[in-house]
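Residue numbers (UniProt numbering): 1 to 638.
Right, here's the structure in full:
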């Protein structure tokens, strides 16, 4: 019998029956532990210890563990527990109860419960005995994992990150043995905590260390495969267990945002159009296969960067994309997680900023939900690696984002996307910026018609002012506007790239073949050294996205059965039928769009450097003038 892949709800009665055992484990237990660490008596006057030549690595000794007393001793002068102390102790006890209840679910939904009943009447033998032992160890593993996940999900707190939390001496024989070893290790981790803040931080750190240790040992156990697809929900504590997916500690909150409709955005045609496409792409994700057909067929947008002057519409683009995802996920019944990583998550503690950023990435990438993560003002929360004036926290965030967006272990499933936004993208590290697969130039309204449209939209209807000779919002018709915007990139727009283009056309003529395309790219590389192989990959991804630039019909998303709840194969076939061919015009437009952005960033960087030199020279000349005046007046003393 296999575990049910549907949602299993834990009831309070199933948890309450384990309260006595849980209470005893947090009050006092005796455990047999391995002898580790430095041993031997100190040698007088030397500051060194006598180390025996006899190995004690295999020895074990008993230890009494009184977790409740250890928690209480952190404020030893006060016999009552503070709210933070009580929260830790209560969550540990409650977590043990939940872990034992989940182990019961595992036993019921596998053959373990039947084998336990048979073993209680007569000892099992042969294959049954081996299977019983394997399933019992698997249930112990599940119990330990549940306790660690529960503590991480339900304990909220900030403070100094702890890197030396004690990994449990895992005794994974029975669920109770496993939980004893977890409590003993937690006791060792929190002992001596200076205050309640450190107590909570150390408990959360222990949760992470325990999960890492358990996941590293998972391959040793048989019988865990079916637990990968289990979904267990505890409504009272807002705790969900999705197999062995590590849900970061932050609880999910309902998305509260002022959503914008596409018609409320004037200008930014390409960015708006790609955001509309991206919303539909994301909800094509198949939760059973944990893969998106757009990833397989090409054209999925995993990361993008939007840049533009202040007030050009970056925020409302975020609100529009989040609003569309919210509506689509509401129709399909999918979980949606939106999260922004901002400057408030940069910490003065060593390593904490990196932990916050990794938690943000894990939240968004959780394969059990549709995720949308934004890094607004990315130039402020990250730093160029050469910038020694930036904080250590900014450098940590840069490293985490680079590894997460295009690292050796990055897996793109197609359930989430990350958007970076900045007024000054030239201040973003080159390697991080190039990890953005798409470039959205957020330039706001541009034409006279755009400014008429945006004023008419924002001023509202409480007036009698005539419109005049203008067809309202005609220029915002998305298909026509996007076609015109793409066509504008048939030739480069930045001066540096224009020079490369004109020189190429003069020497070789128009770009018409793959050889011409490669030669043009090589010349761009010669003019802009940062135009690397990753830039070529980003361009080809954008071209594939244009080829997949299919108009997914709106009626596919009006109800879940039309498209979103179909099987992976059906969704893939429906999308593939709409795919178009790659054309040379499409290729040149995407090359020029991407290369224009690189030249634009370079020009901005150089302009800023030139302005800084000019400012310093003006200050120098002014200082020389004032020094000469002081000398003439006899007030200068060298």
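For every residue, glycine included, the Cβ atom is placed at its ideal position computed from N, Cα and C. Remember, predicted model here, so these are calculated numbers, not experimental data.
For this session: State the Cα-Cα distance for the pair residue 512 and residue 571, rounded to the nearest angstrom.
Result: If you number the chain shown from 1, residue 512 lands on position 512. If you number the chain shown from 1, residue 571 lands on position 571. Distance between the alpha carbons of residue 512 and residue 571: 35 Å.
For this session: Pull up the distance between the alpha-carbon of residue 624 and that of residue 389, whole angstroms please.
Result: Position 624 of the chain shown, counted from the start, is the residue given in the question as residue 624. Position 389 of the chain shown, counted from the start, is the residue given in the question as residue 389. C-alpha separation (whole angstroms): 29 Å.
Exercise. Going by beta carbon distance, what residues of the same chain come within less than 7 Å of residue 306, once the five residues before and after it are set aside?
Worked result: As a first step, residue 306 is located in the chain shown; it is residue number 306 there, counting from the start. Once the five neighbours on either side are set aside, the close Cβ partners of residue 306 are 271, 314, 317, 419, 421, 440 and 442.
For this session: Return the CA-CA distance between residue 642 and residue 417, expressed in angstroms with no decimal places.
Result: Since the first residue shown for the chain is 1 and the last is 638, residue 642 is missing from the structure and cannot be characterised.
For this session: Could you tell me the boundaries of the beta strand (DSSP E) in which residue 439 lies?
Result: Counting from 1 along the chain shown, the entry for residue 439 is found at position 439. Note, residue 439: beta strand (DSSP E), 438-441.
For this session: List the residues that DSSP assigns as beta-bridge partners of residue 70.
Result: If you number the chain shown from 1, residue 70 lands on position 70. In DSSP, residue 70 forms no bridge with anything.
Exercise. In chain order, what residues of the same chain lie with their CB nearer than 6 Å to the CB of residue 544, ignoring the 5 residues before and after it?
Worked result: For this step, residue 544 is matched to residue 544 along the chain shown. So the list reads 298 and 299, once near-sequence residues are dropped.
For this session: Can you grab the Cα-Cα spacing for the pair residue 409 / residue 9, in whole Å?
Result: The residue labelled residue 409 in the question sits at position 409 within the chain shown. The residue labelled residue 9 in the question sits at position 9 within the chain shown. Residue 409 and residue 9: Cα-Cα distance of roughly 33 Å.
For this session: Tell me whether residue 422 sits in a helix, a strand or coil according to DSSP, three-state version.
Result: What you label residue 422 is simply residue 422 of the chain shown in a count that begins at 1. Residue 422 falls in the strand class under three-state DSSP.
Problem set entry | Cut-off 7 Å between Cβ atoms - residues of its own chain near residue 196, not counting five sequence neighbours on either side | To locate residue 196, count along the chain shown from 1; it is residue 196. These residues qualify, in order along the chain: 74, 82, 84 and 85.
Problem set entry | Buried versus exposed, by CB contacts within 10 Å (16 or more), residue 189 | Against the chain shown, residue 189 aligns to sequence position 189. The residue is buried, with at least 16 neighbouring Cβ atoms inside 10 Å.
Exercise. Can you give the beta carbon distance from residue 168 to residue 139, rounded, assuming they're within the 8 Å contact cut?
Worked result: Counting from one through the chain shown, the residue named residue 168 turns up at place 168. Counting from one through the chain shown, the residue named residue 139 turns up at place 139. Residue 168 to residue 139, Cβ: 17 Å. No contact.
Exercise. Would you say residue 591 touches the ligand MN, meaning its beta carbon is less than 7 Å from a heavy atom?
Worked result: Judged by which ligands are present, the structure shown has none, so any question about the ligand MN falls away.
For this session: Give me the Cβ distance between residue 434 and residue 535, rounded to the nearest whole Å; I'm assuming they're in contact under 8 Å.
Result: For the purposes of this step, residue 434 is taken as residue 434 along the chain shown, with counting starting at 1. For the purposes of this step, residue 535 is taken as residue 535 along the chain shown, with counting starting at 1. So it is a contact: roughly 6 Å between Cβ atoms.
Problem set entry | Whole-angstrom C-beta distance between residue 413 and residue 291, which should lie under 8 Å | Here residue 291 refers to the residue found at position 291 when the chain shown is read from its first residue. Here residue 413 refers to the residue found at position 413 when the chain shown is read from its first residue. Contact holds; Cβ gap of about 6 Å.
For this session: Report yes if the C-beta distance between residue 111 and residue 151 is below 8 Å; otherwise report no.
Result: Locating residue 111 in the chain shown gives position 111, counting from the first residue. Locating residue 151 in the chain shown gives position 151, counting from the first residue. In this structure, residue 151 does not lie closer than 8 Å to residue 111 by Cβ.
Problem set entry | Inter-residue spacing [alpha-carbon to alpha-carbon] between residue 437 and residue 465 | In the chain shown, counting from the first residue as 1, residue 437 sits at position 437. In the chain shown, counting from the first residue as 1, residue 465 sits at position 465. The alpha-carbon atoms of residue 437 and residue 465 are separated by roughly 45 Å.
Exercise. Thinking just about the alpha-carbon of each residue, which of 17, 557 and 117 is nearest to the one in residue 93?
Worked result: Within the chain shown, the letter at position 93 stands for residue 93. Nearest C-alpha to residue 93 among 17, 557 and 117: 17.
Exercise. Who are the near neighbours of residue 172 in its chain, counting only those whose CB is closer than 6 Å to its CB and skipping five residues on each side?
Worked result: Taking the first residue of the chain shown as 1, we reach residue 172 at position 172. Same-chain partners within the cutoff: 137, 140, 141 and 178.
Problem set entry | residue 70 classed as buried or exposed, judged by whether at least 16 other C-beta atoms fall within 10 angstroms | If you number the chain shown from 1, residue 70 lands on position 70. Buried, since its Cβ has 16 or more Cβ neighbours within 10 Å.
For this session: Determine the contact status of residue 211 and residue 283, defining contact as a CB-CB distance below 8 Å.
Result: For this step, residue 211 is matched to residue 211 along the chain shown. For this step, residue 283 is matched to residue 283 along the chain shown. Not a contact, by the Cβ cut-off of 8 Å.
For this session: Apply the 10 Å Cβ neighbour rule to residue 630 and answer buried if 16 or more other Cβ atoms are within range, or exposed otherwise.
Result: Mapped onto the chain shown, residue 630 falls at position 630. When all chains shown are included, residue 630 counts as exposed.
For this session: Pull up the DSSP beta-bridge partners for residue 64, would you.
Result: Here residue 64 refers to the residue found at position 64 when the chain shown is read from its first residue. According to DSSP, which records beta bridges pairwise, residue 64 is partnered with 30.
Problem set entry | residue 234 - DSSP class collapsed to helix/strand/coil | Locating residue 234 in the chain shown gives position 234, counting from the first residue. If DSSP states are grouped into helix, strand and coil, residue 234 belongs with the strands.
Exercise. Where do the N-terminal and C-terminal ends of the beta strand (DSSP E) with residue 405 fall, by residue?
Worked result: Locating residue 405 in the chain shown gives position 405, counting from the first residue. Counting along the chain, residue 405 falls outside any beta strand (DSSP E), though it belongs to the alpha helix (DSSP H) covering 392-406.
Exercise. Nearest CA to the CA of residue 385: which residue from 430, 462, 153 and 575?
Worked result: Within the chain shown, residue 385 is the residue found at index 385, counting from 1. Closest by alpha carbon: 430.
Problem set entry | Closest residue to residue 170 among 217, 462, 222 and 146 (Cα-Cα distance) | Here residue 170 refers to the residue found at position 170 when the chain shown is read from its first residue. Cα-wise, what sits closest to residue 170 is 217.
Problem set entry | Distance between residue 504 and residue 336 (C-alpha atoms, nearest Å) | Reading the chain shown from its first residue, position 336 is the one you call residue 336. Reading the chain shown from its first residue, position 504 is the one you call residue 504. Cα-Cα distance, rounded: 48 Å.
Problem set entry | Segment contact, 8 Å Cβ cut-off, at least three pairs: the stretch 348-357 with the stretch 393-400 | Touching, yes.
Exercise. Is the beta carbon of residue 496 sitting closer than 8 Å to the one on residue 599?
Worked result: As a first step, residue 496 is located in the chain shown; it is residue number 496 there, counting from the start. As a first step, residue 599 is located in the chain shown; it is residue number 599 there, counting from the start. For residue 496 and residue 599, yes; Cβs fall inside 8 Å.
Problem set entry | residue 359 (DSSP reduced to helix, strand or coil) | For the purposes of this step, residue 359 is taken as the residue at position 359 of the chain shown. Secondary structure of residue 359 (DSSP, three-state): helix.
Exercise. What does a CB cutoff of less than 6 Å around residue 11 pick up in its chain, not counting 5 residues either side in sequence?
Worked result: On the chain shown, position 11 is the one that residue 11 refers to. Same-chain partners within the cutoff: there are none.
Exercise. From what residue to what residue does the beta strand (DSSP E) around residue 471 run?
Worked result: The count along the chain shown starts at 1 and reaches residue 471 at position 471. Unbroken run through residue 471: none, as it is neither H nor E.
Exercise. What are the residues that DSSP puts in a beta bridge with residue 526?
Worked result: The residue given as residue 526 occupies position 526 in the chain shown. According to DSSP, residue 526 shares a beta bridge with no other residue.
Exercise. Residues bridged to residue 417 by DSSP?
Worked result: Translated into the one-based positions of the chain shown, residue 417 becomes position 417. Partner(s): 372.
Exercise. Got a sec? Which residues, its chain only, sit under 8 Å from residue 499 by beta carbon, not counting five neighbours each side?
Worked result: Taking the first residue of the chain shown as 1, we reach residue 499 at position 499. 527, listed in sequence order.
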